[in-house]
Amino acid sequence: MDMQSNPVIAGMSFTPLLIQQIAVSVVGVVAFIGVLILFVRIRRRMALEKARSSVQADADVALRGLRSRLNYAAQLLNSERDRMVYDRVRFSDIDAKKIAQLIDQADQLYQATQATLDRTIRRLPDVPTASEYQTLIEIVKDLTPTVPPIEATLQQSIKQRSEIEALIQKNSDLIEQVQREQQKLGHRLAALGINYRELFAMSDRDLAKANDYLANHQYAEATTSAQQAQQTYHQISTHITTLYDVRNGVSAGRQAAEKATLQGFDVNHSLSLFQEATRLLDQALAEIIAGNLAAGDTLVHEAEVLRQQAVNEGGSLPVIQQRQNEAIAQTIRDGEALTSQFEHAATVFQAMNTMHPALWTDLRNAGSEAVILARFAAHYVAWVQRSNTAQQHTYVTQLLSNAQSAIQRASAILEIINQRHADLQRMELIARQEFSDAEELIELVHARINAGDTTIAHHYPTIKAEFLTVQQAIDEIPFDCIVSYRKARQFIQHTYQFLPTDNGNTPLLIAERSQRIRDMLWRQIRLIEQFHTLHPIPDATPLIQGLQSIRHEANMFDVTWHTASDMTVPIISELSRLIQRYDRLDNAMSHIAQQLRQTWQNQQPHYESLVGALGSTAQRIRAINDEAIRTAAIQRLREIDMDYAMHRITVAKAITLIQTMSDALPHDNLGTQSHVIDPPLPRRSNP
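Residue numbering for the sequence shown is 280 to 966, as defined by this note's numbering.
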């Protein structure tokens, strides 16, 4: 139904309504646009406000940081200003002015920075914009680098003040310490009854100068003067202490000497020495009081020398006498101990006659040398017993030293003889054990041949010939254990090369052979060392160094051997390598021994002449009646022997000196009794 057909609305006009609707629509659109514009503006304002707040926060942080550092600088500056007032009183004008200049410089820098910051803040509006805040931040950044120079300048002023204060404190403490030392030393000298005013005059002047220098702010000069005064006080104290120590020693020594008089000792000379020492000490004290410290020290030293001499000749005589008696008794016991060594050496030397001469020919004349040394020692002991007085303790001590030296050398020679016999017995046993293994090995070879081993049969002539050589060495008389052992070892080593892996060379056999090698190695080293001890050869240093190298390797050999053999199952590879290493060491030892023996053989005629000259000259000396001549001659003979033993002279030089001395001896045969107790000579053989 349309509007025309509707009688109600047919006569109505819709134009106003349409206009009204259009108007409402327009108003709505306008309102929407207005709201939209307002929203955009609000959003923009909020964004701007947020950006401004962020910049404001950054500006506040930067400003607070700068103000904090400026406040710290201001505190330092104010503190330095306050101290600057006292600097003018405590320090010199120059030092105070330097510090004040630094403080003024820091103040100027501070004021400039603070003024710039204040101007910048005053120019800001009540509500600064973001750009204005950004400008503030840039200015703060520019001002921040100006703060460290302010702080550095103030720190420099603080440092300079601290250094000056330290110098003042150091000098004040030093001067106070020197003053305390002066007072302490003065009280000590006053207690000793010494007028020290004149003695302290120079050092007191130095101390007064130190105070004046400190008051005038001359710190280096104050230190020097105070140290000079202190050094002088120390020297005075040291000299006085030494003087009274010596004086107390003189007093104690005099009392001991007087006690020694009651025991029958003649101490008159000692007492006179103490008296002279006292006189020197009085002079020394006078020199020290007069300020002549060097002269006083010299006199104190002379007094101390006299005191020591007086003590040796006075109060210490009973103790010295007792010590000498004990030393003489010990020397006699040591000499008596040689008797049993001589007897044993004679026995074992006779036993060694059955052994090959190459093993012990270096011992020839060794026993004769030991006899001569024992006679020397006995003569020195008899000499000491005749001279045994406490007053001659230095002389007696030297004689006892000579006697002990001769006894020790004789004992060492006899010990070598006895040790040689024990070593050769052990080496002979080792050689025969090695030959026993060689016999078992040849039986194994025969068994392999009987079993049809064609390889062994092919090499049998070589094996048999080498075994016969070993057997011949074993059966040789006299028996050379070293040669026999080497041949047996070589035979075993060569023969095992022809045998297969299952050759019967068990771990037990290898361990036993390595043990024998170890025992043989050390005894061979000892033979060479004994040879050099008995026959000191000049210029033998390279050979001895080679022997030391071998000894070092022998020590390593020992360590490896113990490590390998102490296992539950011996380490066969290690033991086998040790057995092979022995060949190289044996060759090296043979070379060294050969070189030593060759040198000795060249010198042997001279050495035998030396022993003969020693013996004949000693016999001539024993026949001299004059005690003084006999004593001087035996002393000189001993000195020549010691010089030769210590490689200070050659054997030819020693023989010449002995012959010269012998020619100078008086031909006096009236003395038929020996002045020494000779040790027993070997009866059957002369070692």
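The C-beta atom is built at its ideal place from N, Cα and C for all residues, glycine as well.
DSSP state of residue i mapped onto helix, strand, coil
{"i": "F758", "result": "strand"}
{"i": "N350", "result": "helix"}
{"i": "Q497", "result": "coil"}
{"i": "A752", "result": "helix"}
{"i": "F770", "result": "helix"}
{"i": "P295", "result": "helix"}
{"i": "Q776", "result": "coil"}
{"i": "A902", "result": "coil"}
{"i": "D405", "result": "coil"}
{"i": "L747", "result": "helix"}
{"i": "L944", "result": "coil"}
Local Cβ density within 10 Å of residue i, reported as buried at 16 or more and exposed below that
{"i": "V364", "result": "exposed"}
{"i": "S647", "result": "buried"}
{"i": "Y226", "result": "Because the chain here runs from 280 to 966, residue 226 falls outside it and cannot be looked at."}
{"i": "N681", "result": "buried"}
{"i": "K438", "result": "exposed"}
{"i": "I400", "result": "exposed"}
{"i": "F311", "result": "exposed"}
{"i": "M631", "result": "buried"}
{"i": "T520", "result": "exposed"}
{"i": "D942", "result": "exposed"}
{"i": "M835", "result": "exposed"}
{"i": "T610", "result": "buried"}
{"i": "M799", "result": "buried"}
{"i": "S223", "result": "Residue 223 lies beyond the stretch modelled for the chain, which goes from 280 to 966, so this question has no answer here."}
{"i": "L831", "result": "Looking at the sequence itself, residue 831 is His, so the reference to Leu does not match. H831 comes out exposed."}
{"i": "T432", "result": "buried"}
{"i": "H466", "result": "exposed"}
Proximal residues to residue i (C-beta, below 7 angstroms), its chain only, five neighbours per side dropped
{"i": "L720", "result": "I771 and T774"}
{"i": "W662", "result": "L678 and T910"}
{"i": "E583", "result": "V525"}
{"i": "F370", "result": "I443 and H496"}
{"i": "M634", "result": "L703, P757 and F758"}
Range covered by the alpha helix (DSSP H) that runs through residue i
{"i": "L478", "result": "Run containing L478: none; DSSP gives neither H nor E here."}
{"i": "R467", "result": "V426 to A470"}
{"i": "Q393", "result": "D372 to R401"}
{"i": "N413", "result": "Strictly speaking, residue 413 in this sequence is Gln, with Asn absent from that position. From DSSP, the alpha helix (DSSP H) with Q413 extends over A409 to L422."}
{"i": "L652", "result": "A645 to R665"}
Cutoff 6 angstroms; reference residue i; Cβ partners in own chain excluding five residues on either side
{"i": "Q620", "result": "L693"}
{"i": "L747", "result": "none"}
{"i": "L889", "result": "V930, A933 and I934"}
Beta-carbon proximity list for residue i, same chain, < 8 angstroms, skipping 5 on both sides
{"i": "Q275", "result": "Lying before the first or after the last residue shown, residue 275 is absent from the chain, which here runs from 280 to 966."}
{"i": "S666", "result": "Y674, V675 and L678"}
{"i": "I298", "result": "none"}
{"i": "M481", "result": "T511 and G570"}
{"i": "I568", "result": "I473, N474, Y475, E477 and L478"}
{"i": "D485", "result": "S504, A505, Q507, A508 and T511"}
{"i": "Y739", "result": "V724 and I728"}
{"i": "S953", "result": "Residue placement at S953 is poorly supported in this model, since its pLDDT is 31, which falls under 50; the coordinates still yield a value, given next. For S953, where only same-chain residues beyond five positions count, the Cβ hits under 8 angstroms are R901."}
{"i": "K420", "result": "A341"}
CB contact below 7 angstroms: residue i versus chain D
{"i": "Q448", "result": "Considering every chain present, this structure includes no chain D. It has just one protein chain."}
Taking the runs of the beta strand (DSSP E) that are 3 residues or longer, which of them lie wholly in the stretch 678-740? none
Ordered list of beta strand (DSSP E) runs contained in the stretch 904-934, each at least 3 residues: none
Length-filtered (4 minimum) alpha helix (DSSP H) runs lying within the stretch 522-577: 547-568
Jot down the residue ranges of each uninterrupted alpha helix (DSSP H) in the stretch 795-879, minimum 4 residues, whole runs only, in chain order. 820-844
To test your reading of the DSSP string, which unbroken alpha helix (DSSP H) runs of 4 or more residues are found completely within the stretch 584-635? 596-630
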